[in-house]
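One structure is given here, and the rest of the page talks about it.
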Amino acid sequence: MKAFYYILAVQFLFVVSAYSQDFDFFYFVQQWPGSYCDTEKSCCYPSTGKPEADFGIHGLWPNYNDGSYPSSCDPSSQFDQSQTSSLLKRMRTEWPTLACPSGDGLKFWSHEWEKHGTCSALGQHDYFQTALDLKNQANLLQSLTSAGIEPNGNSYTLESIKDAIKQSVGFTPFVECNDDTSGNSQLYQIYLCVDNSASNLIECPTFPHGKCGSQIEFPSF
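Read in order, the letters of the sequence shown correspond to residues -20 to -1, 1 to 201 in mature numbering (1 follows the signal peptide of the UniProt record, and there is no 0).
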């Protein structure tokens, strides 16, 4: 009987270990609010007011090296606001919602946790804390403005944007664009990669699909 329970315990530990490593890396994604809002769909400011003119967190997403990703790994694990209460002030500032209708962020954070966070092998508090700390580590706006790339409606080359971030952060970003109301390509989201322990930035094993125009607008907000 003891041998039977020992085998069960070993199997359980194997399953937990396999789950915790069941992805290869994270995408850490930040978005520029001016580009989110300057589209035909437009945006709504959070019920707490207009966010700062800074990149905001979109998410921390587990991914596989082949470009696919796990999703909604534990339907029983719902977002619990009480587990992130100590982070709420930072989340409102650094992880704001811009979706319509205007909200307080809870719907956005719930979606990110339930779709991506449940696959991360992190608890809720650690998941959001990790993303917030990564944002501080990779200060994208400072990286760009230090290189003379300002959010003032001017256009810049894709390579100059990537080079500015790599020089500052140390790793190659993926730049995602969207189109403004006039159809011009604009700087929308920046992807950086993190190892599967969520400890260190790394070079991305693979990049998402998509491309930007030769000249990219950096709109004001």
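Backbone N, C-alpha and C define an ideal beta-carbon position, used for all residues, glycine too. It should be emphasised that the depicted structure is a prediction, and the values quoted were computed from it without experimental measurement.
Handout entry: Residue interval of the beta strand (DSSP E) (run including Tyr136)
Key = Taken as a continuous stretch (DSSP letters only), the beta strand (DSSP E) holding Tyr136 covers Ser135 to Thr137.
Exercise for the section: May I ask you to list the residues that DSSP assigns as paired with Glu156? Expected result: DSSP lists Gln169 as the bridge partner or partners of Glu156.
Handout entry: The beta strand (DSSP E) enclosing Gln11, as first and last residue numbers
Key = Phe5 to Gln11 is the extent of the beta strand (DSSP E) around Gln11.
Handout entry: Three-state secondary structure (DSSP) of Asn43
Key = Three-state result, Asn43: strand.
Exercise for the section: Check whether the stretch 27 to 42 touches the stretch 179 to 191, taking contact to mean three or more Cβ pairs, one atom from each stretch, closer than 8 Å. Expected result: Taking 8 Å as the limit for Cβ pairs, the verdict is that the stretch 179 to 191 does not touch the stretch 27 to 42.
Problem - Closest residue to Leu112 among Lys21, Ser165, Ser48 and Pro76 (Cα-Cα distance) - result: Ranking the options by Cα distance to Leu112, first place goes to Pro76.
Handout entry: Rounded Cβ spacing between Cys24 and Cys99 (contact assumed at less than 8 Å)
Key = Actually they are not in contact, since the Cβ atoms of Cys24 and Cys99 sit about 29 Å apart, beyond 8 Å.
Problem - Contacting residues, own chain, Cβ-Cβ under 7 Å from Cys192 (five flanking each side not counted) - result: Hits under 7 Å: Leu138, Val155, Cys157 and Ser165.
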